[in-house]
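K.L.:
Below are the structure tokens for one structure; questions will follow.
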Amino acid sequence: MRFIYRLAGLYRKFRWVTWLSGSIATFVAPLLGYIPYLAGINAWRREMSVDSPEYASDVKAGSIWDWLSGSVSGNFNPVGLIALIGGVFLLLLVVLQIFSFVMARTELSGVDKTERPAEDSHGRESFDPVYGAYGHVDEY
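What follows is the structure, given as structure tokens:
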């Protein structure tokens, strides 16, 4: 629990950096994968494979994930891996956002901060007006 508390504290300090890096890794990296498509490199390779039966095995339709990550080409493309890591990172940020919201409202005891009794002038919580928080009569 202490690790999650420290992680949530770091997240609160650097929230904009984490969201920015997660967004860049998730959205910009797949767009970089579409650059060869826009440049016509994939079409050129496909034309070569149609002309020559040697390259026929290079043509792949690709799965949905391949098209989303921009890695439809036959070679290994690190952009899809970066997009996968960015997606996991973004999911982690959402979980940390939920933890920071819950931890801002509650203490480690699980008691809601808005439902706690108010503290008296001596820094103690007074549960009973006659008997203080320690079970004895307040004589001040």
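Just so we're aligned: the sequence shown equals residues 86 to 225 in my numbering.
Each residue gets a CB set at the ideal place from its N, CA and C atoms; glycine is no exception.
Cα separation between Gly107 and Glu139?
P.N.:
If I take the Cα positions, the gap works out to 41 Å.
K.L.:
Which two residues bound the contiguous alpha helix (DSSP H) that contains Val113?
P.N.:
Neither: Val113 is in no alpha helix (DSSP H) and is coded neither H nor E.
K.L.:
Indicate whether Thr111 and Gly171 have their beta-carbon atoms separated by less than 9 Å.
P.N.:
Yes, these two residues count as a Cβ contact at 9 Å.
K.L.:
For a quick check, are the C-beta atoms of Leu181 and Ala93 less than 9 Å apart?
P.N.:
It is a contact, given that the beta carbons lie within the stated cut-off.
K.L.:
I'd like the span of the alpha helix (DSSP H) that includes Phe88, first residue to last.
P.N.:
Here the alpha helix (DSSP H) through Phe88 covers 87 to 98.
K.L.:
Can you have a look at Ile89 and say buried or exposed, based on whether 16 or more other CB atoms are within 10 angstroms of its CB?
P.N.:
That one is exposed.
K.L.:
Taking Cβ positions, are Tyr119 and Leu178 nearer each other than 9 Å?
P.N.:
In this structure, Leu178 does not lie closer than 9 Å to Tyr119 by Cβ.
K.L.:
When you compare only the Cα positions, how much space is there between Val239 and Val113?
P.N.:
Because residue 239 is not part of the residues shown, which for the chain are 86 to 225, the question remains open.
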